[in-house]
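Protein chains in written order, with this note's numbering: chain A, 11 to 255; chain B, 110 to 381.
First comes the structure, then the notes that go with it.
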Ligand SMILES: Nc1ncnc2c1ncn2[C@@H]1O[C@H](COP(=O)(O)OP(=O)(O)O)[C@@H](O)[C@H]1O
Ligand SMILES: [Mg+2]
């Protein structure tokens, strides 16, 4: 069943068109990798899905609702989570911010909200660090905390914008393994530059450079497996390259 | 040394110093983590326009400065939320226009120049009992706002885009932070004056930032450090009969340098 549907979406910040006639449909428990050159419009598309940017032409439906209506259903890990590391804040306090704030104001956090935050920290393997200052963590650890923050509202879709940029190979692998685990129950959309890595995890790939080119690599993986009896990333890349529609 | 404590103006100065230190510790922390130092400088200098108009109209000067500071805070909140890219230009413009308005209205008010220096450089030794009441009321408003809205203020300060996604009314709380900064600036002007207010709001905070692991703790450490610097500065300035505002700032700056030096030694020793 399709849970995210984008139809004929075009977008411009000012006069330059950033995204043109985008069509995309995502099913439950898909693992979509978004690839493409810098400035191609990947982050912009995510912000449209999240309702941060408004759009004038085309349509986006998430669980049949307009983007900003689905706050609770979507978890988001923004690009550049390495900024603001001097901010005096503990890991647990960052994660708590993932809870929705649907009233005008809430006085502190409830016991339930605190327990949930500790649970998601456990899930990403960072519970032992709950009282550490966020600035004292490594890039990979900090990224897992941001994933925990995104998981706080029990989202059905998790959206990550370049979660492994500037993270060492070991940290990257941990993050992708975590996403694979989460994908058992959550739909994942991730922007990534590590094409060869992401292909091992993704079920679908969207290449974005103003326009969107879609590849269902589950089918392709199956094709390759049938031919060669093994999965080869180089062949994958070639196939993606050759079908430049 | 103890007999100086029996003078009422000294008592008022000490109480005012501590009250203002608490306001500046709490709000200075917010200003630094939100990277609003320049923005607050703009509000401080714009409030001079309010002082000039109040003098011209014969209104209470504290009151005039407060109204003008709040108005400029709201204007800056509105403009900087819309025009993030041109923020520096907008702040610089409002900063200069506010000062210019103040200077011209003072010119128009015949025979007024004596007290003006005290707004530029502070006059902690001239705090009256009614000033104390006014400072107390503002401190209560500031503290209550921060305590009640701590969750939202923290969220907006740490990551404004994410806070907005979680449903926080970021426009309201961003504006609130600026208005609270404006109130703090107004009472801090009384102690160290317009020229030095930013130093009072930020120096203790820089020390607290590296010691604290949460915003709340940072606020408390800043408030305590600020109180100590203010009282030590006050004592020295009284003994040597030198300007109190400038002395307080120099005591703070010297403490910051000593702190950074000790930090440096510790790091060098640990080989980092
Ligand atoms: N807030 C903005 N205002 C104007 N232009 C923007 C803004 N954000 C991004 N852009 C422009 O939109 C284009 C796409 O950016 P982005 O979506 O961040 O690309 P990607 O994430 O694929 O690197 C770039 O040319 C960028 O300069
Ligand atoms: Mg991007």
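Ideal Cβ placement from N, Cα and C applies to all residues, glycine included.
Residue i versus the options, residue with shortest Cα-Cα distance
{"i": "residue 62 of chain A", "options": "B:273, B:323, B:191 and B:294", "result": "B:273"}
{"i": "residue 244 of chain B", "options": "B:111, B:124, B:115 and B:371", "result": "B:124"}
{"i": "residue 180 of chain B", "options": "B:213, B:158 and B:320", "result": "B:158"}
{"i": "residue 212 of chain A", "options": "A:17, A:125, A:96 and A:41", "result": "A:41"}
{"i": "residue 132 of chain B", "options": "B:313, B:263 and B:231", "result": "B:313"}
{"i": "residue 59 of chain A", "options": "A:120, A:16 and A:161", "result": "A:16"}
{"i": "residue 353 of chain B", "options": "B:208, B:362, B:343 and B:359", "result": "B:343"}
{"i": "residue 197 of chain A", "options": "A:179, A:190, A:167 and A:183", "result": "A:167"}
{"i": "residue 335 of chain B", "options": "B:301, B:184, B:349 and B:161", "result": "B:301"}
{"i": "residue 100 of chain A", "options": "B:331, B:215 and B:321", "result": "B:321"}
{"i": "residue 126 of chain B", "options": "B:257, B:309, B:212 and B:264", "result": "B:309"}
{"i": "residue 206 of chain B", "options": "B:355, B:196 and B:156", "result": "B:156"}
{"i": "residue 148 of chain A", "options": "A:113, A:177, A:89 and A:21", "result": "A:177"}
{"i": "residue 325 of chain B", "options": "B:268, B:299 and B:256", "result": "B:256"}
Minimum Cβ-Cβ distance from residue i to chain B less than 9 Å
{"i": "residue 201 of chain A", "result": "no"}
{"i": "residue 81 of chain A", "result": "yes"}
{"i": "residue 165 of chain A", "result": "no"}
{"i": "residue 14 of chain A", "result": "no"}
{"i": "residue 109 of chain A", "result": "yes"}
{"i": "residue 240 of chain A", "result": "Residue placement at residue 240 of chain A cannot be trusted, given a pLDDT of 49 that sits under 50; what the coordinates show is reported in the next sentence. No - not a single Cβ of chain B is within 9 Å of the one on residue 240 of chain A."}
{"i": "residue 212 of chain A", "result": "no"}
{"i": "residue 112 of chain A", "result": "yes"}
{"i": "residue 116 of chain A", "result": "yes"}
{"i": "residue 159 of chain A", "result": "yes"}
{"i": "residue 99 of chain A", "result": "yes"}
{"i": "residue 255 of chain A", "result": "Only weak support exists for where residue 255 of chain A lies, its pLDDT of 40 falling under 50; the value from the coordinates is given anyway. Not closer than 9 Å to any Cβ of chain B, the Cβ of residue 255 of chain A fails to qualify, so no."}
{"i": "residue 23 of chain A", "result": "no"}
{"i": "residue 96 of chain A", "result": "yes"}
{"i": "residue 103 of chain A", "result": "yes"}
{"i": "residue 252 of chain A", "result": "Its pLDDT being 46, under 50, residue 252 of chain A is placed unreliably in this model, and the value from its coordinates should be taken loosely. No, no contact with chain B."}
{"i": "residue 27 of chain A", "result": "no"}
N- and C-terminal bounds of the beta strand (DSSP E) containing residue i
{"i": "residue 33 of chain A", "result": "27-37"}
{"i": "residue 83 of chain A", "result": "Here residue 83 of chain A belongs to no beta strand (DSSP E), and DSSP marks it neither H nor E."}
{"i": "residue 171 of chain A", "result": "167-171"}
{"i": "residue 8 of chain A", "result": "In this structure chain A extends from 11 to 255, so residue 8 of chain A is not present and cannot be described."}
{"i": "residue 114 of chain A", "result": "Taken as a continuous stretch (DSSP letters only), residue 114 of chain A belongs to no beta strand (DSSP E), as it is neither H nor E."}
{"i": "residue 222 of chain A", "result": "221-225"}
{"i": "residue 18 of chain A", "result": "12-22"}
{"i": "residue 69 of chain A", "result": "67-72"}
{"i": "residue 41 of chain A", "result": "41-45"}
Contact with chain A by residue i, beta-carbon distance below 9 Å
{"i": "residue 249 of chain B", "result": "no"}
{"i": "residue 258 of chain B", "result": "yes"}
{"i": "residue 145 of chain B", "result": "no"}
{"i": "residue 326 of chain B", "result": "yes"}
{"i": "residue 278 of chain B", "result": "yes"}
{"i": "residue 56 of chain B", "result": "The structure shown does not extend to residue 56 of chain B, since chain B is modelled only from 110 to 381, so the question has no answer here."}
{"i": "residue 142 of chain B", "result": "yes"}
{"i": "residue 321 of chain B", "result": "yes"}
{"i": "residue 267 of chain B", "result": "yes"}
{"i": "residue 120 of chain B", "result": "no"}
{"i": "residue 275 of chain B", "result": "yes"}
{"i": "residue 317 of chain B", "result": "yes"}
{"i": "residue 263 of chain B", "result": "yes"}
Proximity test, residue i beta-carbon vs ligand 1 heavy atom, cut-off 8 Å
{"i": "residue 201 of chain A", "result": "yes"}
{"i": "residue 119 of chain A", "result": "no"}
{"i": "residue 55 of chain A", "result": "yes"}
{"i": "residue 51 of chain A", "result": "yes"}
{"i": "residue 218 of chain A", "result": "yes"}
{"i": "residue 23 of chain A", "result": "yes"}
{"i": "residue 203 of chain B", "result": "no"}
{"i": "residue 31 of chain A", "result": "no"}
{"i": "residue 204 of chain A", "result": "no"}
Check: residue i C-beta below 8 Å from any heavy atom of ligand 2
{"i": "residue 153 of chain A", "result": "no"}
{"i": "residue 256 of chain A", "result": "Coverage of chain A is limited to positions 11 through 255, which leaves residue 256 of chain A absent and any answer about it impossible."}
{"i": "residue 191 of chain A", "result": "no"}
{"i": "residue 48 of chain A", "result": "yes"}
{"i": "residue 172 of chain A", "result": "yes"}
Where the alpha helix (DSSP H) containing residue i begins and where it ends
{"i": "residue 235 of chain B", "result": "Here residue 235 of chain B belongs to no alpha helix (DSSP H), and DSSP marks it neither H nor E."}
{"i": "residue 339 of chain B", "result": "324-349"}
{"i": "residue 155 of chain B", "result": "146-166"}
{"i": "residue 367 of chain B", "result": "353-378"}
Contact list for residue i against chain D, beta-carbon separation under 8 Å
{"i": "residue 270 of chain B", "result": "Absent from the structure: chain D. Protein chains present are A and B."}
- Query: Quick one, which residues of the stretch 52-75 of chain A are near chain B if we go by CB-CB under 7 Å, in chain order?
  - Reply: 60 and 62
Residues of the stretch 134-156 of chain A whose Cβ lies closer than 7 Å to any Cβ of chain B, in chain order:
143
Checklist entry - For the stretch 279-297 of chain B, which residues have a beta carbon sitting closer than 9 Å to at least one beta carbon of chain A? => result 281 and 282
* Asked: Between the stretch 166-198 of chain B and chain A, which residues of the former have a C-beta closer than 8 Å to a C-beta of the latter?
  -> none
Where the stretch 181-199 of chain A meets chain B: residues whose CB sits under 7 Å from a CB there: none
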